[in-house]
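Here the structure is laid out as structure tokens; the discussion comes afterwards.
Residue numbers (my numbering): 36 to 355.
Set out below in structure tokens:
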């Protein structure tokens, strides 16, 4: 069916609105388009990625705690898409940088840990208790790189398991480096998805950053469309058995605590050798048993086999 235009509609097609020149009218319809960011991915896919890596962080916290025999706390801090140059500029120097293959797909991801976190992992892997407070700022040696490879296998194994809900990806370390400026596996303008994870272990806190090329995510977008978010209200027996086996080797801190009361600052400053401080704690009163800083038991200190021991006489959960 033909449409007949009115005279006003015809005039509007050939003339700019009153008060605007022809150039201004044309400029109002122009939208700036950044050709360097063609591989940006939609927010719906980002939400799916966030869910995948939340599962990864939960699983990795358990795996690292068991592997290192020390309590490890992980928290997913952010997930965003930025340019590769922005990612490199934000890294500290020196760092431990792993180039990670994405078999069977083309492309390389980058996994980075700062120096303080790296050397804490190395201490624990070499048998230390992880109580060193010294700050080390140097490149890791070839021997230390070999040791870090074992830890990275644990990290990438959990990453592989988390990605199974989307697709099978064989994450594997290609090489390790220390200088972020040499990490030229992508063009500076290429977009990457950066997953930042805060890691806390032995009093040391640091970031572990994983950068995945956005173009790789777009290539498997159909896999994300098929991703079904299934929430279970109860874990199955296999999961419970795995968790039970994992937590058996986790190291916890225990303290026997005496509530000594308060003293003035003047009394503290006047203390000398052989002075005696009298506590408010009765001699027959129970002591507090703390597990990772939380009061769990009350009991007394006794001698067993030439060593001091804590004998539990009451449990906190039973009193509640």
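All C-beta atoms, glycine included, are put in the ideal place defined by N, C-alpha and C.
Asked: Span separating the alpha-carbon of residue 251 from that of residue 126; Found: 22 Å
Asked: Contact check, residue 207 vs residue 135, beta carbons under 8 Å; Found: yes
Asked: Rounded straight-line distance, which links the Cα of residue 173 to that of residue 225; Found: 29 Å
Asked: Cβ neighbours of residue 350 in the same chain (closer than 6 Å, five flanking residues each side left out); Found: 332
Asked: Classification of residue 61 by the beta-carbon crowding that lies within 10 angstroms, buried from 16 upward; Found: At residue 61 the pLDDT is 49, less than 50, meaning the model places this residue with poor confidence and gives no usable figure here.
Asked: Euclidean distance between Cα positions of residue 211 and residue 199; Found: 25 Å
Asked: Cut-off 8 Å between Cβ atoms - residues of its own chain near residue 201, not counting five sequence neighbours on either side; Found: 83, 87, 255, 258, 259, 262
Asked: Sequence-distant residues of the same chain with beta carbon closer than 7 Å to residue 238, five excluded per side; Found: none
Asked: C-alpha gap between residue 277 and residue 110, whole angstroms; Found: 21 Å
Asked: Three-way DSSP call (helix, strand, coil) for residue 193 in this model; Found: helix
Asked: Euclidean distance between Cα positions of residue 325 and residue 214; Found: 43 Å
Asked: Beta-carbon gap between residue 253 and residue 117 smaller than 8 Å; Found: no
Asked: In chain order, each beta strand (DSSP E) run of at least 3 residues that lies wholly inside the stretch 90-170; Found: 107-118, 130-138, 143-149
Asked: Three-state secondary structure (DSSP) of residue 279; Found: helix
Asked: Residue 193 burial status per 10 Å Cβ neighbour count (16 or more: buried); Found: buried
Asked: Secondary structure of residue 221, DSSP reduced to three states; Found: coil
Asked: Beta carbon of residue 152 nearer than 8 Å to that of residue 234; Found: yes
Asked: Cβ contact check for the stretch 280-293 and the stretch 96-105: 3 or more pairs under 8 Å; Found: yes
Asked: Spatial distance of residue 303 from residue 161 (CA atoms); Found: 41 Å
Asked: Residue range of the alpha helix (DSSP H) that includes residue 253; Found: 249-254
Asked: Residue of 89, 301, 343 minimising C-alpha distance to residue 231; Found: 89
Asked: Residue 197 to residue 133 span [Cα, whole Å]; Found: 19 Å
Asked: Alpha carbon of residue 41 to alpha carbon of residue 47, nearest angstrom; Found: 10 Å
Asked: DSSP state of residue 213 mapped onto helix, strand, coil; Found: coil
Asked: Same chain only: Cβ atoms within 8 Å of residue 73, ignoring 5 sequence neighbours per side; Found: Caution applies to residue 73, whose pLDDT of 48 falls short of 50 and renders its modelled position unreliable; the model cannot decide the point.
Asked: Host alpha helix (DSSP H) of residue 304 (start-end); Found: 300-304
Asked: Cα-Cα separation, residue 113 to residue 163; Found: 31 Å
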